[in-house]
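So the sequence lines, in the order shown, correspond to chains A and B.
FYI, in the working numbering the residues of the first sequence are 101 to 348.
FYI, in the working numbering the residues of the second sequence are 101 to 348.
Idealized CB from N, CA, C, for every residue including glycine.
Just so we're clear, the structure is a prediction, and the values are computed from it rather than from any experiment.
Below is one structure, written out as C-alpha cells; the observations come after it.
Protein chains: 2
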Amino acid sequence: MQDGPRFRLPEKEGFIEQLSIDCVIFGYRDRSLHVLVPKLNFRGGLSTLPGGFVRQDESIDEAALNILKGRTGIEKIYLEQFQVFGDLERSTGPFMRDIVRENAERHGENAGEVAWLTRRFVSIGYYALVNIAKVVPVKSEIDDSIDWHPLEALPAMVMDHNKIVAEALKALRNDLDRKLIGFNLLPERFTMQELRELYETVYDRAFTRSNFQRRILDLGVLERLEKKFTGAANKAPYLYRFILPDQG
Amino acid sequence: MQDGPRFRLPEKEGFIEQLSIDCVIFGYRDRSLHVLVPKLNFRGGLSTLPGGFVRQDESIDEAALNILKGRTGIEKIYLEQFQVFGDLERSTGPFMRDIVRENAERHGENAGEVAWLTRRFVSIGYYALVNIAKVVPVKSEIDDSIDWHPLEALPAMVMDHNKIVAEALKALRNDLDRKLIGFNLLPERFTMQELRELYETVYDRAFTRSNFQRRILDLGVLERLEKKFTGAANKAPYLYRFILPDQG
DNA sequence: GGTTATTGTATAAAAAAAATACAATAGCCA
DNA sequence: TGGCTATTGTATTTTTTTTATACAATAACC
Chain A
101 MQDGPRFRLP
111 EKEGFIEQLS
121 IDCVIFGYRD
131 RSLHVLVPKL
141 NFRGGLSTLP
151 GGFVRQDESI
161 DEAALNILKG
171 RTGIEKIYLE
181 QFQVFGDLER
191 STGPFMRDIV
201 RENAERHGEN
211 AGEVAWLTRR
221 FVSIGYYALV
231 NIAKVVPVKS
241 EIDDSIDWHP
251 LEALPAMVMD
261 HNKIVAEALK
271 ALRNDLDRKL
281 IGFNLLPERF
291 TMQELRELYE
301 TVYDRAFTRS
311 NFQRRILDLG
321 VLERLEKKFT
331 GAANKAPYLY
341 RFILPDQG
Chain B
101 MQDGPRFRLP
111 EKEGFIEQLS
121 IDCVIFGYRD
131 RSLHVLVPKL
141 NFRGGLSTLP
151 GGFVRQDESI
161 DEAALNILKG
171 RTGIEKIYLE
181 QFQVFGDLER
191 STGPFMRDIV
201 RENAERHGEN
211 AGEVAWLTRR
221 FVSIGYYALV
231 NIAKVVPVKS
241 EIDDSIDWHP
251 LEALPAMVMD
261 HNKIVAEALK
271 ALRNDLDRKL
281 IGFNLLPERF
291 TMQELRELYE
301 TVYDRAFTRS
311 NFQRRILDLG
321 VLERLEKKFT
331 GAANKAPYLY
341 RFILPDQG
C-alpha cells in the first residue's frame with residue numbers, strides 16, 4: 101500500500117459545507133488548447149480539477165479566485181461562472197472517503213474534523229482562458245504536480261470532472277466574443293493574426309482572414325497601435341489592443 | 101406588533117446547509133408575462149420567490165422540482181438552471197433573522213434547530229415558463245397567498261429576488277428557441293399565431309407573420325396537424341404540435 | 001356565388017456574411 | 001536603387017440570410 105496523503109485536509113470551520121467550486125483553466129499556446137490539471141498527492145496521484153471550498157466571509161466569485169490562486173498560483177484573471185453540478189451520485193464514490201481515511205491514519209489528531217469532506221457536494225463550475233506563456237502554474241502543497249494537458253488527451257479525472265470540462269468548453273465557445281474572454285489571454289498588444297489563430301483554436305475551425313478582420317474591427321473594441329517589427333520581407337502587421345470599457 | 105409566522109420553519113437535518121434554490125416561474129396569458137410570487141405568512145406578508153432547500157437525498161434538479169411543487173403546487177414541468185447567486189451581502193440582512201426570532205417565540209420548542217436559517221445562503225436560480233390558464237397555483241402552509249404579478253409591476257421582494265428575476269428573464273430570452281422552453285407552455289396543439297404571440301410577448305417586440313412562420317417551420321420541430329375550427333369567416337389555421345426528440 | 005378577413009406561401013428587396021481580388025509594403029537581393 | 005516575394009489591409013463581388021411585400025387559398029357570411 102502506498103503512502104496516504106502528506107497534506108492536511110481542511111477542517112470545516114469557516115467553510116460552507118457540501119458546496120465546492122471547480123475551475124476549468126483553459127490554456128492556449130501554439131494554436132492548441134490545454135487544461136490545467138493538478139495531481140493530488142495521494143496514492144501516486146489522482147487527477148482533479150483545481151477546486152476547493154467557499155469560505156464564510158467571501159462571495160462565490162471571490163472564493164473561485166482564492167481557490168484558483170491557492171491551488172495553481174494563478175491570480176488576477178477573469179473567471180466566468182457557467183454551471184452548477186449537483187447530481188446525487190457525483191460525489192458519493194470512494195474518492196474522498198479513501199483520502200479522508202488515510203489522512204486520518206497519518207494525521208490522527210484532526211481525523212474527526214475532516215469527515216465533512218466525505219459528504220455529498222454540490223459544485224459550482226468556473227472557467228477561464230489564459231495564455232500558457234504568460235502564466236506559471238505553481239503546485240499547491242496538497243498536489244504532487246500540476247500540468248497542462250491537451251484538451252484532446254485529458255487524463256481520467258476524479259468524479260465528474262471530465263464532464264465539467266466538456267460543459268466548460270461549450271460555455272467558452274458560447275461566450276468568446278460576447279464576453280471578450282480573450283482579455284485574459286493575449287499579450288496587451290497583439291496582431292490580428294494572433295487573435296484569429298486563437299479563435300480558430302477555440303472553435304476548431306478556420307476563419308477567412310479578411311472577413312475575420314472586418315468582423316472583429318466592427319465590434320469596435322480594438323484600438324490600432326503602431327506597426328509591429330517582424331523582420332520579415334513583407335508588409336508589417338499592425339498591433340492592436342482591447343479598449344477597456346469605461347469605468348464610468 | 102403583528103403576529104409572528106404561523107408556520108414551523110424546517111430543521112436542518114436532511115438539508116444541505118447554506119444552499120438554497122429559488123424558482124422564477126414566468127406565467128403567460130393574453131400576451132403578457134407574469135411572475136408567480138408567494139407572500140410569506142409573516143408580519144402581514146413578505147414577497148419572495150418560491151424557494152427552498154436541497155435535501156441530502158435528491159439532486160439539485162430534483163430539489164428544484166420538489167421545492168416548486170411544495171411551494172406552488174406546480175409539478176411535472178421543465179425547469180432550467182440559469183445562475184448561482186452567491187454574494188456575501190445577499191442574505192445577511194434582517195429578513196431571516198426576524199422570521200427565526202419570531203418563530204422561536206411562537207414555537208419555542210424548536211428554536212435552536214432553526215438557527216441554521218439565519219446563516220448566509222448561496223442560491224441556485226431556476227426558471228420555467230408556464231401557461232397561466234393551465235396551471236393552478238396552490239399556496240403552501242408557510243404562505244398567506246400566492247399570486248401572478250405582471251412582470252412590469254413586480255412587488256419589492258426580499259433579499260436579491262428582484263435581481264434574480266431580471267437575470268432569469270435574460271436567460272429565458274436567450275434560450276427560448278434553442279431549448280424549446282415553449283413545451284411547458286402551449287396547449288398540446290396550437291396555431292402558429294398562438295406561438296408567435298408568445299414570442300412577441302417574451303421578446304417584447306413584433307415579428308413579421310410570414311417570416312416568423314418560415315423560420316419556425318425551418319427549425320424542423322413542429323408537426324402539422326388538422327385544421328382548427330374557428331367559426332370565423334376566413335381561412336382556418338392549421339394546428340401544430342412539437343415533435344418530441346427521440347428518447348433513443 | 002360574391003364578399004371579407006385571415007392564413008399559408010411565394011417573391012422581391014435589403015442586409016449580412018463569405019469568397020475573392022487587389023493594392024500596399026517590409027525586407028531581400030541583384 | 002528598383003524589381004521580387006510574402007504577407008497585410010481593404011475593396012469588391014458573390015452568396016446566403018433576413019426582412020418586406022405580394023398574392024393565392026379558403027371558411028363563413030350574405
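- Could you check if R315 of chain B is buried or exposed, using at least 16 other CB atoms within 10 Å of its CB as the buried criterion? For the purposes of this step, residue 315 of chain B is identified with residue 215 of the second sequence, where counting begins at 1. Classification for R315 of chain B: exposed.
- Beta-carbon proximity list for S245 of chain B, same chain, < 8 Å, skipping 5 on both sides: Numbered from 1 along the second sequence, position 145 holds the residue referred to as residue 245 of chain B. Within the same chain, and ignoring the five residues on either side of S245 of chain B in sequence, the residues whose Cβ sits closer than 8 Å to its Cβ are P138, K139, G145, K239.
- With C-beta atoms as the reference, is E323 of chain A less than 8 Å away from R341 of chain A? Sequence index remark: in the first sequence, residue 323 of chain A carries index 223 (1-based). Sequence index remark: in the first sequence, residue 341 of chain A carries index 241 (1-based). Contact flag set, yes.
- Task: Tell me the start and end of each unbroken beta strand (DSSP E) in the stretch 128-177 of chain A that is at least 3 residues and wholly inside, in chain order.
- Result: Counting only runs of 3 or more, we get 132-140, 151-155.
- Message: Out of A:V235, A:I199, A:R129, A:Y227, which one is the CA nearest neighbour of T218 of chain A?
- Response: For this step, residue 218 of chain A is matched to residue 118 along the first sequence. Out of A:V235, A:I199, A:R129, A:Y227, A:I199 has the C-alpha closest to the C-alpha of T218 of chain A.
- Message: Considering only their Cβ atoms, is the gap separating M259 of chain B from R155 of chain B smaller than 8 Å?
- Response: Along the second sequence, read from residue 1 onward, the residue named residue 155 of chain B stands at position 55. Along the second sequence, read from residue 1 onward, the residue named residue 259 of chain B stands at position 159. Result no, Cβ atoms of R155 of chain B and M259 of chain B do not sit closer than 8 Å.
- Message: On a Cα-Cα basis, can you pick out the residue from B:A163, B:T330, B:K112, B:Y128 that is closest to V235 of chain B?
- Response: Position 135 of the second sequence, counting from 1, holds the residue named residue 235 of chain B. For V235 of chain B, the nearest C-alpha among the options comes from B:Y128.
- Message: Rounded to whole angstroms, what is the Cα-Cα separation between L280 of chain A and D277 of chain B?
- Response: Locating residue 280 of chain A in the first sequence gives position 180, where the first residue counts as 1. Locating residue 277 of chain B in the second sequence gives position 177, where the first residue counts as 1. For L280 of chain A and D277 of chain B, the gap between their C-alpha atoms comes out near 24 Å.
- Item | Start-to-end residues for the alpha helix (DSSP H) that takes in I298 of chain B | Within the second sequence, numbered from 1, the residue matching residue 298 of chain B stands at position 198. The amino acid at residue 298 of chain B is misidentified as Ile; the sequence shows Leu. 292-303 is the extent of the alpha helix (DSSP H) around L298 of chain B.
- Those residues which DSSP pairs with W248 of chain A across a bridge: Reading the first sequence from its first residue, position 148 is the one you call residue 248 of chain A. DSSP output for W248 of chain A lists A:L136 as bridge partner(s).
- Can you tell me which of the three DSSP states L339 of chain A falls into? Sequence index remark: in the first sequence, residue 339 of chain A carries index 239 (1-based). The answer is strand: DSSP assigns L339 of chain A an E or B state.
- Query: With 8 Å set as the bound, which would you pick, yes or no: does the beta-carbon of R220 of chain B sit closer than that to a beta-carbon of chain A?
  - Reply: By 1-based counting over the second sequence, the position of residue 220 of chain B is 120. At least one C-beta of chain A is nearer than 8 Å to the C-beta of R220 of chain B.
- Query: So which residues on chain B does V184 of chain A lean against when the C-beta distance must stay under 8 Å?
  - Reply: Translated into positions along the first sequence, residue 184 of chain A becomes position 84. Near V184 of chain A (Cβ distances below 8 Å), the residues of chain B are I160, Q181, V184, I224.
- Query: If we call anything under 8 Å between Cβ atoms a contact, is F290 of chain B one with L339 of chain B?
  - Reply: As a working note, residue 290 of chain B is residue 190 in the second sequence. As a working note, residue 339 of chain B is residue 239 in the second sequence. Going by C-beta atoms, F290 of chain B is nearer than 8 Å to L339 of chain B.
- List the residues of chain B whose Cβ lies closer than 7 Å to the Cβ of D187 of chain A, in chain order. Working through the first sequence from its first residue, we reach residue 187 of chain A at position 87. Ordered by position in chain B, the residues that pass the 7 Å Cβ test against D187 of chain A are S159.
- Between E167 of chain A and chain B, is there a C-beta pair that is closer than 8 Å? Position 67 of the first sequence holds residue 167 of chain A. The sequence as given places Ile at residue 167 of chain A; Glu does not occur at that position. I167 of chain A does not count as touching chain B.
- Compare the C-beta of E113 of chain B with all C-beta atoms of chain A and state if any pair is closer than 8 Å. Here residue 113 of chain B refers to the residue found at position 13 of the second sequence. Judged by the 8 Å Cβ criterion, E113 of chain B is not in contact with chain A.
- Query: Among the residues of its own chain, which have a CB less than 6 Å from the CB of L179 of chain B, if the five just before and after it don't count?
  - Reply: Within the second sequence, residue 179 of chain B is the residue found at index 79, counting from 1. For L179 of chain B, where only same-chain residues beyond five positions count, the Cβ hits under 6 Å are A164, Y226, A228.
- Residue range of the beta strand (DSSP E) that includes S223 of chain A: As a first step, residue 223 of chain A is located in the first sequence; it is residue number 123 there, counting from the start. Segment 222-231, the beta strand (DSSP E) holding S223 of chain A.
- Query: Taking buried to mean at least 16 other C-beta atoms within 10 Å of its own C-beta, is P194 of chain B buried or exposed?
  - Reply: Start at 1 with the first residue of the second sequence, and residue 194 of chain B comes out as number 94. By the Cβ neighbour-count rule, P194 of chain B is exposed, with fewer than 16 other Cβ atoms within 10 Å of its own.
- Query: Going by Cα to Cα distance, which pick from A:H134, A:L168, A:D187 is closest to S159 of chain B?
  - Reply: The count along the second sequence starts at 1 and reaches residue 159 of chain B at position 59. The candidate whose alpha carbon is nearest that of S159 of chain B is A:D187.
- Query: With F185 of chain B and S223 of chain B assumed to form a contact (beta carbons below 8 Å), what rounded beta-carbon distance in angstroms separates them?
  - Reply: The residue given as residue 185 of chain B occupies position 85 in the second sequence. The residue given as residue 223 of chain B occupies position 123 in the second sequence. F185 of chain B to S223 of chain B, Cβ: 5 Å. Contact.
- Do you know how far the Cα of E300 of chain A is from the Cα of P105 of chain A? Numbered from its first residue, the first sequence carries residue 105 of chain A at position 5. Numbered from its first residue, the first sequence carries residue 300 of chain A at position 200. Answer to the nearest angstrom: the Cα atoms are 41 Å apart.
- Taking the alpha helix (DSSP H) that V184 of chain B falls in, what are its first and last residues? On the second sequence, position 84 is the one that residue 184 of chain B refers to. Looking at the DSSP string, V184 of chain B is not in any alpha helix (DSSP H); the run it does join, the beta strand (DSSP E), is 180-185.
- Query: DSSP on L317 of chain A, reduced to helix/strand/coil?
  - Reply: Taking the first residue of the first sequence as 1, we reach residue 317 of chain A at position 217. Annotated three-state conformation of L317 of chain A is helix, per DSSP.
- Message: Considering only the alpha carbon of each residue, which of B:A256, B:P237, B:A253, B:E241 lies closest to D247 of chain B?
- Response: Numbered from its first residue, the second sequence carries residue 247 of chain B at position 147. Checked all of B:A256, B:P237, B:A253, B:E241; the closest Cα to D247 of chain B is B:P237.
- For S240 of chain A, name the three-state secondary structure that DSSP assigns. To locate residue 240 of chain A, count along the first sequence from 1; it is residue 140. Coil, per DSSP.
- Item | Start and end residues, beta strand (DSSP E) containing E213 of chain A | For this step, residue 213 of chain A is matched to residue 113 along the first sequence. Per DSSP, E213 of chain A belongs to no beta strand (DSSP E) and is neither H nor E.
- Message: Given this structure, state the Cα-to-Cα distance separating D130 of chain B from E297 of chain B, to the nearest angstrom.
- Response: Here the question's residue 130 of chain B lines up with position 30 in the second sequence. Here the question's residue 297 of chain B lines up with position 197 in the second sequence. Cα to Cα, D130 of chain B sits roughly 9 Å from E297 of chain B.
- Which two residues bound the contiguous alpha helix (DSSP H) that contains K270 of chain A? If you number the first sequence from 1, residue 270 of chain A lands on position 170. Here the alpha helix (DSSP H) through K270 of chain A covers 261-275.
- Can you tell me the Cβ-Cβ gap for F142 of chain B and I116 of chain B, rounded? I've got them flagged as a contact below 8 Å. Taking the second sequence and counting its residues from 1, the one referred to as residue 142 of chain B is at position 42. Taking the second sequence and counting its residues from 1, the one referred to as residue 116 of chain B is at position 16. The pair is not a contact, with the Cβ atoms about 24 Å apart (cut-off 8 Å).
- Neighbour flag for I116 of chain A against chain B, beta carbons, 8 Å: In the first sequence, residue 116 of chain A corresponds to position 16, counting from 1. Output row for I116 of chain A: interface = yes.
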